[in-house]
Amino acid sequence: MCKECGCGETNGNTRLQFTVHGYTEDSAKEVEKALFGLPGVLFVHIHAHDGSTTVDYQPGKTKLRDIMGVFDERGLEADL
Amino acid sequence: MLAGRQGGIKMEVRVMKNVLGENDRVAAENQAMFAAKGVYVLNLMGSPGSGKTTLLEKTMQKLKDELRMAVIEGDLFTTKDAERIDRYGVPVIQINTAGGCHLDAPMVQKVAPQLDLDHLDLLVVENVGNLVCPAEFAVGEADKGVVLSITEGDDKPMKYPLIFKESAVIVLNKIDILPYCNFDRTAAREDITTLHPGANIIEVSCTQGDGLDAWCDWLRQRVAETKAQAQKG
Chain A
1 MCKECGCGET NGNTRLQFTV HGYTEDSAKE VEKALFGLPG VLFVHIHAHD GSTTVDYQPG
61 KTKLRDIMGV FDERGLEADL
Chain B
1 MLAGRQGGIK MEVRVMKNVL GENDRVAAEN QAMFAAKGVY VLNLMGSPGS GKTTLLEKTM
61 QKLKDELRMA VIEGDLFTTK DAERIDRYGV PVIQINTAGG CHLDAPMVQK VAPQLDLDHL
121 DLLVVENVGN LVCPAEFAVG EADKGVVLSI TEGDDKPMKY PLIFKESAVI VLNKIDILPY
181 CNFDRTAARE DITTLHPGAN IIEVSCTQGD GLDAWCDWLR QRVAETKAQA QKG
C-alpha cells in the first residue's frame, strides 16, 4: 500500500475496469456509494455517460461476486 | 527476503505477504492475551499533529481515576509524547521505531510483559503519526481508531481510505476552529460513512472540551464490553 516506504501490501490490491450498461446520474452515484461501502474497496470512479467503472479493492476482503452483486441488485449489466 | 539477478543487477525482492502473515500471527497472539485478561486495547492512529497525544491527555484527565489505564507510545526517535503521558501518572511504555513508519505486533509483544495486565482496563497504543502504514499492521488491538483534525482537510478520508475503513471510531478533532477553515464537515462525514457504513464519528475539541464526554462514554462502553466478554470466557 505505501509506495513511499515499501511497507504493507504494496501490490495487494486489484484494480478492475468494468463497463456498466444503463447508468443514470443517480444510479451511478448510488453504485459508487454502495461499492465504497464494501469491505476492502478503496477506490471507485464512475463515468456515468459511458459506463466506465473503476474499482480498486483487496480481494482478501471482498469477492468479485460481491462487487457484481452491487450492479445486479440494481438491474445493471456489467462487463469486465 | 528473496535474492535474485536481473540484467546483471542484484535485486532484493521483499516478500511482503509473509511479513504481513507473520505480523497477523503475532497480532492474534497479542489480541488473545489482552482479551483473556479483559483489557480493552485501542490502536490510536492519525497524522502527525492531528491531536492524538492531546486527546490522550484529555482522556487521562477524565478517566484515570475511573479506569486503570496504560499507554504504549510509538515514536520514530523521541520520548516527547511519553513524557507528556507520564505527567498524568499513567504507566507509559515508549517504543522507538528508529525511523520505522508504524508499530507492529512483534514490537508490542516485546514490551507487553512490562504491563500489569491483571490490573488494567484500558490500553491505548498511540501509533506513529502516519495516515497510511499503521492501518495495515494490526498490533493486537480490539479496535483501531483514527484522529482526523480539521486542519488536515475534508478530502483526507477519500485520499486515505484504508485507515477510515479499518477504524471502529473516527475522532474529528479541532472542531472549534471550523469557522476559520474551509473544511466541509458534511462532506467529510458523508465520505467517512460512505467508506465505512455505520462508523462511529465523534466530533471533539480537545482545547475547548467539546465532545470529550461522548468520546469517554464510547471508551467506557468498549471497556465494559471487553470485561463482560472476558468473564464469559
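In order, the protein sequences belong to chains A and B.
For the first sequence, the positions run 1 to 80 when my numbering is used.
For the second sequence, the positions run 1 to 233 when my numbering is used.
In this text, a Cβ means the ideal position worked out from N, Cα and C, and glycines have one as well.
Please report how far the alpha carbon of B/Ala-199 lies from the alpha carbon of B/Ile-192, in whole angstroms.
B/Ala-199 and B/Ile-192: Cα-Cα distance of roughly 7 Å.
Pick out the complete beta strand (DSSP E) segments inside the region 112–169 of chain B, 3 residues or longer, and give them in chain order.
Entirely contained in the region 112–169 of chain B, the beta strand (DSSP E) runs reaching 3 residues are, in chain order, 122–126 and 143–149.
Where do the ends of the alpha helix (DSSP H) carrying B/Glu-190 lie?
185–195 is the span of the alpha helix (DSSP H), which, as asked, contains B/Glu-190.
Under 6 Å Cβ to Cβ from A/Phe-43, same chain only, skipping five residues before and after it: list those, please.
Excluding residues within five positions, the ones whose Cβ falls inside 6 Å are Asp-56.
In chain B, which residues lie less than 7 Å from A/Lys-33 when you measure between Cβ atoms?
In chain order: Thr-194.
With DSSP as the reference, label B/Asn-200 as helix, strand or coil.
If DSSP states are grouped into helix, strand and coil, B/Asn-200 belongs with the strands.
Confirm, please, whether the CB-CB distance from B/Gly-74 to B/Ser-206 is below 8 Å.
Before going further, note that residue 206 of chain B is Cys rather than Ser in the sequence given. No, the pair does not count as a contact, with Cβ atoms beyond the cut-off.
Just to confirm, does B/Trp-218 get its C-beta within under 7 Å of one of the non-hydrogen atoms of the ligand GTP?
Annotation note on the ligand GTP: not contained in the displayed structure, which lists no ligands.
Which residues in chain B have a C-beta closer than 7 Å to the C-beta of A/Leu-42? List them in chain order.
By Cβ distance, chain B contributes Pro-161 and Leu-162.
Expressed to the nearest angstrom, what Euclidean distance is found between the alpha-carbon atoms of B/Glu-225 and B/Gln-231?
Using only the alpha carbons, I get a separation of about 10 Å.
Once you ignore the five residues that flank B/Gln-114 on each side, which residues in its own chain have a CB closer than 7 Å to its CB?
If we look at B/Gln-114 and ignore the five residues flanking it on each side, its Cβ neighbours are Ile-93.
May I ask which residues mark the beginning and end of the alpha helix (DSSP H) holding B/Glu-73?
Careful: B/Glu-73 lies outside any alpha helix (DSSP H), inside the beta strand (DSSP E) at 69–75.
What did DSSP end up calling B/Ala-98 once you bin it into helix, strand or coil?
Coil at B/Ala-98, not helix or strand.
Going straight from the alpha carbon of B/Asp-155 to that of B/Val-125, what length do you get?
Going by the C-alpha atoms only, they are around 26 Å apart.
Taking A/Gly-6 as the reference, give the member of B/Val-111, B/Tyr-160 and B/Gly-100 with the closest Cα.
The shortest Cα separation from A/Gly-6 among B/Val-111, B/Tyr-160 and B/Gly-100 belongs to B/Gly-100.
Any beta carbon of chain B sitting closer than 8 Å to that of A/Phe-71?
It does not: the Cβ of A/Phe-71 has no partner Cβ on chain B nearer than 8 Å.
By alpha-carbon positions, which one of B/Ala-36, B/Gly-145, B/Met-60 and B/Phe-77 ends up nearest to B/Val-71?
Residue B/Met-60 is the option with its Cα nearest to B/Val-71.
Name the chain B residues whose beta carbon is nearer than 7 Å to that of A/Gly-37?
Per Cβ cutoff of 7 Å: Thr-194 and Pro-197.
Tell me where the alpha helix (DSSP H) around A/Ile-46 begins and ends.
Taken as a continuous stretch (DSSP letters only), A/Ile-46 belongs to no alpha helix (DSSP H), being part of the beta strand (DSSP E) at 41–47.
Output the distance between the C-alpha atoms of A/Gln-58 and B/Gly-140, rounded to the nearest integer angstrom.
Using only the alpha carbons, I get a separation of about 21 Å.
For A/Ala-78, which beta-bridge partners are listed by DSSP?
The partner list for A/Ala-78 (beta bridge, DSSP) reads A/Val-20.
Report yes if the CB atom of B/Ala-112 is closer than 8 Å to the CB atom of B/Ala-27, and no otherwise.
Result no, Cβ atoms of B/Ala-112 and B/Ala-27 do not sit closer than 8 Å.
For B/Ala-289, which residues from the same chain have a beta carbon less than 8 Å from its beta carbon, with the 5 sequence-adjacent residues on both sides left out?
Given a span of 1 to 233 for chain B in the structure shown, any question on residue 289 of chain B remains unanswerable.
Establish whether the CB of B/Cys-206 and some CB of chain D are separated by less than 8 Å.
Protein chains in the displayed structure are A and B, and chain D is not among them.
Establish whether the CB of B/Cys-133 and some CB of chain A are separated by less than 8 Å.
B/Cys-133 counts as touching chain A.
Return the chain-ordered list of same chain residues with a C-beta closer than 7 Å to the C-beta of B/Val-41, the five sequence neighbours on each side being excluded.
Phe-34, Leu-123, Val-125, Gly-140, Glu-141 and Ala-142.
Kindly indicate the opening and closing residues of the beta strand (DSSP E) around A/Asp-56.
Note, A/Asp-56: beta strand (DSSP E), 52–57.
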